[in-house]
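*Asks:* Take a look at this one; I'll ask things after.
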Amino acid sequence: MFLCSDKSLRLSRANEPYSCIDRDNRKDLSLLDEKYALRYNKSKLTKGQSMYKQVMLLGLLLEKPMYGQQIREVIENHHDFLANFMKKPTIYYQLEQLAKDGYLEIRRETVEAPGPGSAHDSLALRERDVYYITEQGRRYFHTLLRNMLSTYRPGLSEVDVCFFFLHHLSKQEAIALLAERHVLVTSYRASVVRQYEGTQDEAHRLVYDHDVMLLDAELNWLQRTINHLRSSHEQSSQVTA
Numbered sequence: 000m001f002l003c004s005d006k007s008l009r010l011s012r013a014n015e016p017y018s019c020i021d022r023d024n025r026k027d028l029s030l031l032d033e034k035y036a037l038r039y040n041k042s043k044l045t046k047g048q049s050m051y052k053q054v055m056l057l058g059l060l061l062e063k064p065m066y067g068q069q070i071r072e073v074i075e076n077h078h079d080f081l082a083n084f085m086k087k088p089t090i091y092y093q094l095e096q097l098a099k100d101g102y103l104e105i106r107r108e109t110v111e112a113p114g115p116g117s118a119h120d121s122l123a124l125r126e127r128d129v130y131y132i133t134e135q136g137r138r139y140f141h142t143l144l145r146n147m148l149s150t151y152r153p154g155l156s157e158v159d160v161c162f163f164f165l166h167h168l169s170k171q172e173a174i175a176l177l178a179e180r181h182v183l184v185t186s187y188r189a190s191v192v193r194q195y196e197g198t199q200d201e202a203h204r205l206v207y208d209h210d211v212m213l214l215d216a217e218l219n220w221l222q223r224t225i226n227h228l229r230s231s232h233e234q235s236s237q238v239t240a
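The following block contains the structure:
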């Protein structure tokens, strides 16, 4: 990698990998195949919080064409850790965007499907919009998959912002609030461990193992921060005594 000069084209955005292309080296520009064009095209690769939704939808449709409710039920029944982040409106919005960009094709078909509301358990032949992944969508899926596996986009935790205003609370209250957070994280970690132990599916075990490692780091950080605040409070109390 080389440093960008005045003659260089900088392809750099917040939370994206840094890269440069020398304007004088035209062959470098010509080597930007679809993979790299997609990677740095903001209209194609959305922010990280949307990318995983697109990977999930495209990945499911790689297995077989489905209509919207089918997709939702697969996520609820087999990828429940994503269900709260991919509600029905979100799913349909992402499907529409993917179709608009040419990654999906929508076909109106008669399929065996449940009815609306109370008729959900009643299967019958009904017309539904069935989503098919296109060849362009297949390429885009693999681009997203490789991009997300190989890059890291640091994010800001909500609690980090609060520390800038911690002085508005007493040390005792801040410690008590962080202790509450510690209890919640500990409880959630236990539920993730149960899910890990309850499945033999390798993909799910990898996901749960990743979650546990991150939660352990959070718990360690919380305990260290609580200890720091307690020590600071004790020292200030001794000074004022």
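Numbers 0 to 240, taken from numbering that gives the first Met the number 0, label the letters of the sequence shown in order. Glycine residues also receive a C-beta, built at the ideal position from the N, C-alpha and C atoms.
Applying the criterion that 16 or more other CB atoms from any shown protein chain within 10 Å of the CB defines a buried residue, is residue 140 buried or exposed?
*Replies:* Numbered from 1 along the sequence shown, position 141 holds the residue referred to as residue 140. Buried, because 16 or more other Cβ atoms sit within 10 Å of the Cβ of residue 140.
*Asks:* Tell me which same chain residues have a C-beta within less than 7 Å of the C-beta of residue 144, skipping the five on either side of it?
*Replies:* One-based indexing of the sequence shown puts residue 144 at position 145. Cβ within range, chain order: 54.
*Asks:* Going straight from the alpha carbon of residue 218 to that of residue 187, what length do you get?
*Replies:* For the purposes of this step, residue 218 is identified with residue 219 of the sequence shown, where counting begins at 1. For the purposes of this step, residue 187 is identified with residue 188 of the sequence shown, where counting begins at 1. If you take the alpha carbons of residue 218 and residue 187, they lie about 11 Å apart.
*Asks:* Pick helix, strand or coil for residue 109, following the three-state DSSP scheme.
*Replies:* Indexing the sequence shown from 1 puts residue 109 at position 110. The answer is strand: DSSP assigns residue 109 an E or B state.
*Asks:* Expressed to the nearest angstrom, what Euclidean distance is found between the alpha-carbon atoms of residue 194 and residue 147?
*Replies:* Within the sequence shown, the letter at position 195 stands for residue 194. Within the sequence shown, the letter at position 148 stands for residue 147. Spanning the two alpha carbons is a distance of roughly 24 Å.
*Asks:* Provide the residue(s) that pair with residue 128 in DSSP beta bridges, ordered along the chain.
*Replies:* The count along the sequence shown starts at 1 and reaches residue 128 at position 129. Beta-bridge pairing links residue 128 to 107.
*Asks:* Which whole-angstrom value is the C-beta distance of residue 79 and residue 107, which I expect to be below 8 Å?
*Replies:* Taking the first residue of the sequence shown as position 1, residue 79 is located at position 80. Taking the first residue of the sequence shown as position 1, residue 107 is located at position 108. Rounded, the Cβ-Cβ distance is 30 Å, inconsistent with contact.
*Asks:* Could you name the residues of the same chain whose beta carbon sits closer than 8 Å to that of residue 198, not counting the 5 residues immediately before and after it, in chain order?
*Replies:* Taking the sequence shown and counting its residues from 1, the one referred to as residue 198 is at position 199. Excluding positions up to five away in sequence, the list reads 204 and 207.
*Asks:* Any idea which residues DSSP pairs residue 66 with across the strands?
*Replies:* Residue 66 sits at position 67 when you count from the first residue of the sequence shown. Bridge partners of residue 66: 129.
*Asks:* Let's test the definition: count the other Cβ atoms within 10 Å of the Cβ of residue 234 and tell me whether it reaches 16, buried, or not, exposed.
*Replies:* In the sequence shown, counting from the first residue as 1, residue 234 sits at position 235. It counts as exposed.
*Asks:* For the candidate residues 130, 122 and 91, whose alpha-carbon lies nearest to that of residue 60?
*Replies:* As a working mapping, residue 60 is identified with position 61 in the sequence shown. Cα-wise, what sits closest to residue 60 is 130.
*Asks:* In the DSSP assignment, what residue or residues form a beta bridge with residue 122?
*Replies:* Within the sequence shown, the letter at position 123 stands for residue 122. 113.
*Asks:* Considering only their Cβ atoms, is the gap separating residue 70 from residue 104 smaller than 9 Å?
*Replies:* Sequence index remark: in the sequence shown, residue 104 carries index 105 (1-based). Sequence index remark: in the sequence shown, residue 70 carries index 71 (1-based). Contact: no.
*Asks:* Would you mind sorting residue 66 into buried or exposed? The rule is 16 or more other CB atoms within 10 Å of its CB.
*Replies:* Looking up residue 66 in the sequence shown gives position 67. Looking at its Cβ environment, which holds 16 or more other Cβ atoms inside 10 Å, residue 66 is buried.
*Asks:* Where do the ends of the alpha helix (DSSP H) carrying residue 147 lie?
*Replies:* Against the sequence shown, residue 147 aligns to sequence position 148. Taken as a continuous stretch (DSSP letters only), the alpha helix (DSSP H) holding residue 147 covers 134-149.
*Asks:* Have a look at residue 214 and residue 155 and give me their C-alpha separation to the nearest angstrom.
*Replies:* As a first step, residue 214 must be located in the sequence shown, where it is residue number 215. As a first step, residue 155 must be located in the sequence shown, where it is residue number 156. One C-alpha to the other measures close to 16 Å.
*Asks:* Between residue 159 and the rest of its own chain, which residues show a CB-CB distance below 8 Å, the 5 nearest in sequence each way excluded?
*Replies:* Start at 1 with the first residue of the sequence shown, and residue 159 comes out as number 160. Taken in chain order, the list of residues that qualify is empty.
*Asks:* Reducing DSSP to helix, strand and coil, say where residue 102 ends up.
*Replies:* Translated into positions along the sequence shown, residue 102 becomes position 103. Of the three classes helix, strand and coil, the one that applies to residue 102 here is coil, per DSSP.
*Asks:* Please classify residue 212: is it buried, with 16 or more other beta-carbons within 10 angstroms of its beta-carbon, or exposed?
*Replies:* Counting from 1 along the sequence shown, the entry for residue 212 is found at position 213. Classification of residue 212: exposed, given that the 10 Å Cβ count is below 16.
*Asks:* For a quick check, are the C-beta atoms of residue 221 and residue 181 less than 9 Å apart?
*Replies:* Counting from one through the sequence shown, the residue named residue 221 turns up at place 222. Counting from one through the sequence shown, the residue named residue 181 turns up at place 182. Going by C-beta atoms, residue 221 is nearer than 9 Å to residue 181.
*Asks:* Would a C-beta distance cut-off of 9 Å place residue 63 and residue 89 closer than the cut-off?
*Replies:* The count along the sequence shown starts at 1 and reaches residue 63 at position 64. The count along the sequence shown starts at 1 and reaches residue 89 at position 90. Against a cut-off of 9 Å, the Cβ pair of residue 89 and residue 63 comes out as no contact.
*Asks:* Who are the Cβ neighbours of residue 302 in its own chain at under 8 Å, not counting the five residues just before and after it?
*Replies:* This structure does not reach residue 302, given that the chain is present from 0 up to 240, and the question cannot be answered.
*Asks:* Determine whether the beta carbon atoms of residue 101 and residue 136 lie at a separation below 9 Å.
*Replies:* As a position in the sequence shown, residue 101 is number 102, starting the count at 1. As a position in the sequence shown, residue 136 is number 137, starting the count at 1. It is a contact, given that the beta carbons lie within the stated cut-off.
*Asks:* Assuming residue 231 and residue 170 make a contact with CB atoms under 8 Å, what is their CB distance in whole Å?
*Replies:* Here residue 231 is taken as the residue at index 232 of the sequence shown, counted from 1. Here residue 170 is taken as the residue at index 171 of the sequence shown, counted from 1. Residue 231 to residue 170, Cβ: 7 Å. Contact.
*Asks:* What's the gap between the Cα of residue 267 and the Cα of residue 109?
*Replies:* Shown here, the chain extends from 0 to 240; a query on residue 267 therefore has no answer.
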